[in-house]
Structures are given as structure tokens and as C-alpha cells.
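**Student:** Here you go, one structure.
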Amino acid sequence: MASITLKNASVEFPIFNARGRSLRNNLIRRVGGNISPDNSDVVTVQALRNISITLNPGDRLALVGHNGAGKSTLLRVFSGAYEPSSGEAIIDGKVSSLLDITMGMDPELTGAENIILRGVFTGMKMSEAKAIIPEIAEFSELGDYLNLPMRTYSSGMTLRIAFGVSTVRPPDILLLDELISVGDAEFAKKARKRIEDMMEKASILVLASHDPKTLRQYCNRAVLISEGTIVAEGDVDTVLEAYGVSRGVQEELK
Amino acid sequence: MGFIPSQKNWRLAKSDLVRGLCAWESWYLLGISDIRLRYKRSRLGQLWITMSMAIFITGIGFAFSFLFKQDVKNYMPYFAVNYVVWGLISGIVLDSTTTFTQSAVYLTQEALPRSIFAMRVIVRNLVLFAHNLIIIPVIFLIFKVPVTWTILLAIPGLIILIVIGFLATILLSMICTRFRDMAQILQNLMQMLYFLTPVMWRPEQMTDAWYIVIFNPFAACLRIVSDPIHGIVPLNSVYYMVFATFAFLLVTTLLIFAHFRARIVYWL
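So, in C-alpha cells, the structure goes:
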């Protein structure tokens, strides 16, 4: 059974400035004695502070917050890519994070080669990855183009493939940063259907978005993040209202 | 924060290594694609790997046989074998400088085992090594070098070298991600070590400063593979040094990996 549990999870980024990154500085500090008692070379950014949340099957969580509030970082914690620097994150189930759908695609490789590479990285065997090529060729409507290097593709074509591979297997936990829209009107409709299908099949969905309409449509609970902490949680309307108040633009949401 | 990793960190590090090594299709594909990409649009493609090595070995082989006043017939095969094996060693070390930075897109998005990317470096360098290896039988044929059964000892030697290389890759990759100056330091160091390791000269020539040969882990790692190809059984001292290197790397790498594995993504 899929579940996500965060207990007091914090994420702290050490930002090494040009001096802090160098070994020289560390060496000099060791050899020359303590110049600065506090670690002044390293600035720490607290991207998330003491987040506790439990997600169970059936949960469709909306992440709301300003730019830089920590939504993407939290999505990365949910995906398991960022292990909290303090606290705990227990993630059960196969996660698919569509944060960067072109992840690892190389323009010099052909479309088909990129599909295999991505397929293997999402946990398929090489033979399974090869087997999905026809399906993606059909979905992306690219046909023989799949045998050409991706650098010959238009950006729309690249996204069609990337979207096709990313959505080929429904995961237990689906993480989305804004609802992806790809391609022209006709393809976008098809893509929307495919992603809605995937959202429906996923046991847990987390969707970060600025669009109240989208969030109301797909989510059944929400959290508002501000400066790396959860400041409000509850059903979507309540949280959106709190968000509106915190922004002082309640009209915009209506 | 002590330096002894917690129980949980050990468990996660172990699972990273097990999952990473089992995901062979991932690192195999990445490693192969790296090579393919490098020569993608060139007419001769991967043949360039072998050709550049052959050109370099021929040139330097001739020049140095005169410089060292040695017979080309003896010196050329000697240098060719050493240089090809050295290429593998230095390639692994130098590629370790970019292991994680190069794979940042993957690491920041999904919970992938870090060891996949260390294996990518190993695969990439083994493919290069395989291309270069072709030169050796050709040179042996041209110069009519006798081949003995001792050559089979090169196989366990190579396996040990790969295991050591894997540990070194994880350790160096982490250090190079955290301290960006390390890449420059390593590049300079490898350049110097090329001259301090018996690649183009013979260990016997270094009688006055014998410790440079005996206590040089790079020399030991080189000789467990190259000596058998020369038809010599590596000395016990070579194996002791290899074992010491392995033991040191095993302890250091596992400690540091278990302790800082989770931090790698934050350093990218």
C-alpha cells in the first residue's frame, strides 16, 4: 500500500560561496586555527522546516504557496530525491515525479534510444523498454521520426516523446509540478486525457499549482506552504482561502 | 556530528550499493551511450579511440626507446601494455571528478542509487579500455613477443583493479562534488603520477628511489595487470600494496559514503 509519512522533516541547503567550495579555505582554516567560530563560509538555506504530514491511498494533495515557498523542494522530498537533513521521510510505493519530464534525454540520441534510456530508468527491463516504443510512436504521432536524433525535433516534438515515456506506466504515487500541457490544441487534449487517466489510477497524487480551478478539480486536500513550513492545511477551499488572505488578493480566486 | 555513521545510514548505504549494482541495465546503457555520444557524428566513430591510442604509442614508443637507449623491439611492447592499462586507471580517476555533477538531472528528481553513476564511470572506461586493448596483440605480433600462460594472471588482476576502481570512484566523486577544487588538483596529480609510476620506465631503473615504486598504489594497481601481460608474475610486494590500497579504500569509502550519501544531492 502506497503511503508517504514525513516526521519533522527539514531540508537545509549549504550554499558554499566561491571561497567555501574550495578545499584551500578548509585547509587554511584547519591549519591557521579558528578564524571564525561560527561556520561563516557556509550559508545555510532552510528550504523546509519541520514538515509533518501523512499521505494515504486516495489522497489528492494540493500544494499551494508563493514562488520560493518550498513547493518544489517538498515534491523532491516526496520523490525521495532529497532525503531530509533532519527528521524522517518514509515513502512506500513506486513514485513517478513529472517535475522535469525531459530528464536525461540527450539530443544526440534518437527518439527510440531516448525512450529505452528513460524506460530503463523508470525501472523497466531493457526488453520492456523496447516494447513500449511502438505505443509511444503511436501516441506521440511521430512515427519514423523516432529513428532520427532528437536534436532534429522541434521542442513540441521533444515534449511529446518526453510526455509519452513519462506517462507510460501508472505509478503508485504521482508528483506533478503544475499540470503539464504539451503540444497543439488537439494533442493537448489527448495529453490531458492521458494524464487524467494516470492521476486517477495513482494511489496518491500531489499537485503543486497556482491555478485554483485545477486544484479544486483534482484535489481533495491541500496544504499551504510559506517560507518552508506548512501554515495551513485542510480541504482545498479552506486552504485556497487562507492563501488568498495571505496574498491579499481574494478576488482573484473567485 | 560524529564520524561514525548511524545504523540507519549504514542500512541506506547498503541498499544504495545493492540496488545500484543490480540496476545493471541503467549503468550499462548510460556508460555505452556516453561513448556513443562522444563519437556520434564522426565518420570513423569509435575507431578513433583505438587510433589515437595507436598513434600515441607508436610515437612515444619510438622516441623513448632511443631516449632510454633501449631496443624498440623490447620497449614498444613494454610501453604499449603499460600505457593502455594506465589509460584505464587514470581515466577512472579523472572521470570521477564529474560523476555526480554530470548526473545532476537524475539525482535531483528521483531517488536513484548513487552507485549507478559510479558504475557508469567504470563501464565507460572499460569500453575505452576494450578498444585500446586491440592494439596489444597487434604490437605483440609485429614485434614477435612470446606469450606465456602467465598472461592469464592479468584477468584476476583486472578484476581487482575494477573493484578498487569502483571504490575509488565513489570516494573521489563525493569529494569532488563537495570540493570543486579537487577536480583541478586531481588533474595535476594524475599528470605527475604518470611520470612517477613505472609506465614508460622500468621499475628496475628506479634503484635509488625504490620506494616510489613500492609504496605507490598506482604502480601496484598497474602492475597486477601489466606484469602478467609482459610474462612476469607480479612480485609479492605488489600484491601486498594492492591489498593495502583495497583495505584502505574499502574502509574510507564505506565510512564516508554511509555518512554523506544523502548529502550528495545537496552539494550539486
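From first to last, the protein sequence lines stand for chains A and B.
Residue 198 in my numbering sits at position 167 of the first sequence, with consecutive numbering throughout.
Residue 211 in my numbering sits at position 209 of the second sequence, with consecutive numbering throughout.
By construction, the Cβ of each residue, glycine as well, lies at the ideal position given by its N, Cα and C atoms.
Which bits of chain A does residue 289 (chain B) rub up against, with CB to CB less than 8 Å?
**Tutor:** Coverage of chain B is limited to positions 3 through 270, which leaves residue 289 (chain B) absent and any answer about it impossible.
**Student:** Can the beta-carbon of residue 188 (chain A) be found less than 8 Å from the beta-carbon of residue 173 (chain A)?
**Tutor:** Yes. Within cutoff.
**Student:** Taking its Cβ as the centre, do 16 or more other Cβ atoms sit within 10 Å of residue 217 (chain B), making it buried, or is it exposed?
**Tutor:** Looking at its Cβ environment, which holds fewer than 16 other Cβ atoms inside 10 Å, residue 217 (chain B) is exposed.
**Student:** For the segment 150-165 of chain A, which residues have a CB atom closer than 9 Å to at least one CB atom of chain B, in sequence order?
**Tutor:** Listed by position, the residues of the segment 150-165 of chain A near chain B (Cβ gap below 9 Å) are 151, 152, 153, 154, 155, 156, 157, 160.
**Student:** Could you pull out every unbroken alpha helix (DSSP H) segment of at least 4 residues lying fully inside the segment 154-181 of chain A, listed in chain order?
**Tutor:** Runs found: 157-162, 164-171.
**Student:** Looking at residue 44 (chain A) and residue 78 (chain A), is the spacing between their C-beta atoms short of 8 Å?
**Tutor:** In contact: residue 78 (chain A) and residue 44 (chain A) (Cβ atoms closer than 8 Å).
**Student:** Run through the DSSP bridge pairs and tell me what residue 143 (chain A) is partnered with.
**Tutor:** DSSP lists no partner for residue 143 (chain A).
**Student:** Are the segment 90-104 of chain A and the segment 249-266 of chain A touching by the rule of at least three beta carbon pairs closer than 8 Å?
**Tutor:** Output reads yes: the segment 249-266 of chain A touches the segment 90-104 of chain A.
**Student:** So, for residue 272 (chain B): in the same chain, excluding its five sequence neighbours on each side, which residues have a beta-carbon less than 7 Å away from its beta-carbon?
**Tutor:** The structure shown does not extend to residue 272 (chain B), since chain B is modelled only from 3 to 270, so the question has no answer here.
**Student:** Please list the partners that residue 42 (chain B) has in chain A, where partner means a Cβ-to-Cβ separation under 7 Å.
**Tutor:** Result: 139.
**Student:** Could you give the residue range of the alpha helix (DSSP H) that holds residue 47 (chain A)?
**Tutor:** First-last for residue 47 (chain A): 34-47, but that is the beta strand (DSSP E), not the alpha helix (DSSP H).
**Student:** Taking the C-alpha atoms as reference points, what is the distance between residue 174 (chain B) and residue 244 (chain A)?
**Tutor:** Distance between the alpha carbons of residue 174 (chain B) and residue 244 (chain A) is about 49 Å.
**Student:** Could you tell me whether the Cβ atoms of residue 92 (chain B) and residue 208 (chain B) are closer together than 8 Å?
**Tutor:** No; because the gap between Cβ atoms is not below 8 Å, this pair is not in contact.
**Student:** Can you grab the Cα-Cα spacing for the pair residue 125 (chain A) / residue 138 (chain A), in whole Å?
**Tutor:** Looking at the two C-alpha atoms, the distance is approximately 28 Å.
**Student:** Using CA coordinates, which residue listed in A:263, A:47, A:88, A:75 is at the minimum distance from residue 33 (chain A)?
**Tutor:** Ranking the options by Cα distance to residue 33 (chain A), first place goes to A:88.
**Student:** Am I right that residue 135 (chain A) and residue 181 (chain A) are in contact with their C-beta atoms under 8 Å? What's the rounded C-beta distance?
**Tutor:** About 12 Å; that fails the 8 Å criterion.
**Student:** Which residues in chain A have a C-beta closer than 7 Å to the C-beta of residue 110 (chain B)? List them in chain order.
**Tutor:** Those within 7 Å of residue 110 (chain B) in chain A are 107, 112.
**Student:** What number of angstroms, rounded off, separates the C-alpha of residue 198 (chain A) from the C-alpha of residue 224 (chain A)?
**Tutor:** Distance between the alpha carbons of residue 198 (chain A) and residue 224 (chain A) is about 11 Å.
**Student:** What do you reckon, are the CB atoms on residue 83 (chain A) and residue 239 (chain A) nearer than 8 Å?
**Tutor:** No, Cβ-Cβ distance for residue 83 (chain A) and residue 239 (chain A) is not below 8 Å.
**Student:** Mind checking if residue 125 (chain B) is an interface residue toward chain A, Cβ cutoff 8 Å exclusive?
**Tutor:** Chain A contact via Cβ: absent.
**Student:** Give the residues from the segment 15-45 of chain B that approach chain A closer than 9 Å (Cβ to any Cβ), ordered along the chain.
**Tutor:** Within the segment 15-45 of chain B, the residues whose Cβ lies closer than 9 Å to some Cβ of chain A are 25, 27, 28, 30, 31, 32, 35, 38, 39, 42, 43, listed in chain order.
**Student:** Thinking C-beta only, is residue 51 (chain B) closer than 8 Å to residue 130 (chain B)?
**Tutor:** Contact: yes.
**Student:** So, helix, strand or coil for residue 114 (chain A), using DSSP?
**Tutor:** Three-state DSSP puts residue 114 (chain A) in coil, outside helix and strand.
**Student:** Between the segment 216-231 of chain B and the segment 243-262 of chain B, do at least 3 Cβ pairs fall closer than 8 Å?
**Tutor:** Yes, since at least three Cβ pairs between the segment 216-231 of chain B and the segment 243-262 of chain B fall closer than 8 Å, the two stretches touch.
**Student:** Does the pairing of the segment 21-36 of chain B with the segment 122-140 of chain B give three or more beta-carbon distances under 8 Å?
**Tutor:** At 8 Å Cβ cutoff, the stretches touch.
**Student:** Does DSSP classify residue 66 (chain A) as helix, strand or coil?
**Tutor:** No answer about residue 66 (chain A) holds up, because its pLDDT of 45 lies below 50 and its placement is not dependable.
**Student:** Only counting the same chain, and skipping five residues up and downstream in sequence, which positions put a Cβ closer than 7 Å to that of residue 101 (chain A)?
**Tutor:** Same-chain partners within the cutoff: 78, 79, 256, 259.
**Student:** Closer than 9 Å by beta-carbon distance: list the chain B residues that pair up with residue 83 (chain A), in chain order.
**Tutor:** Under the 9 Å cutoff, chain B gives no residues; its nearest Cβ is about 18 Å from residue 83 (chain A).
**Student:** Write down every uninterrupted run of the alpha helix (DSSP H) in the segment 173-236 of chain B whose length is 4 residues or greater and which is fully enclosed by it, in chain order.
**Tutor:** Listed in chain order, the complete alpha helix (DSSP H) runs (minimum 4 residues) inside the segment 173-236 of chain B are 184-198, 213-216, 219-232.
**Student:** Between the alpha carbons of residue 67 (chain A) and residue 47 (chain A), how many angstroms are there, rounded?
**Tutor:** Low local confidence applies: a pLDDT of 44 at residue 67 (chain A) is under 50, so the model's placement there is unreliable, and no value is given.
**Student:** With a CB to CB cut of under 7 Å and the five nearest residues on each side skipped, what residues in its chain are close to residue 128 (chain A)?
**Tutor:** So the qualifying residues of the chain are 106, 110, 206.
**Student:** Measure how close the beta-carbons of residue 84 (chain B) and residue 201 (chain B) come, nearest whole angstrom, since I'm counting them as under 8 Å.
**Tutor:** Right, their Cβ atoms sit about 5 Å apart.
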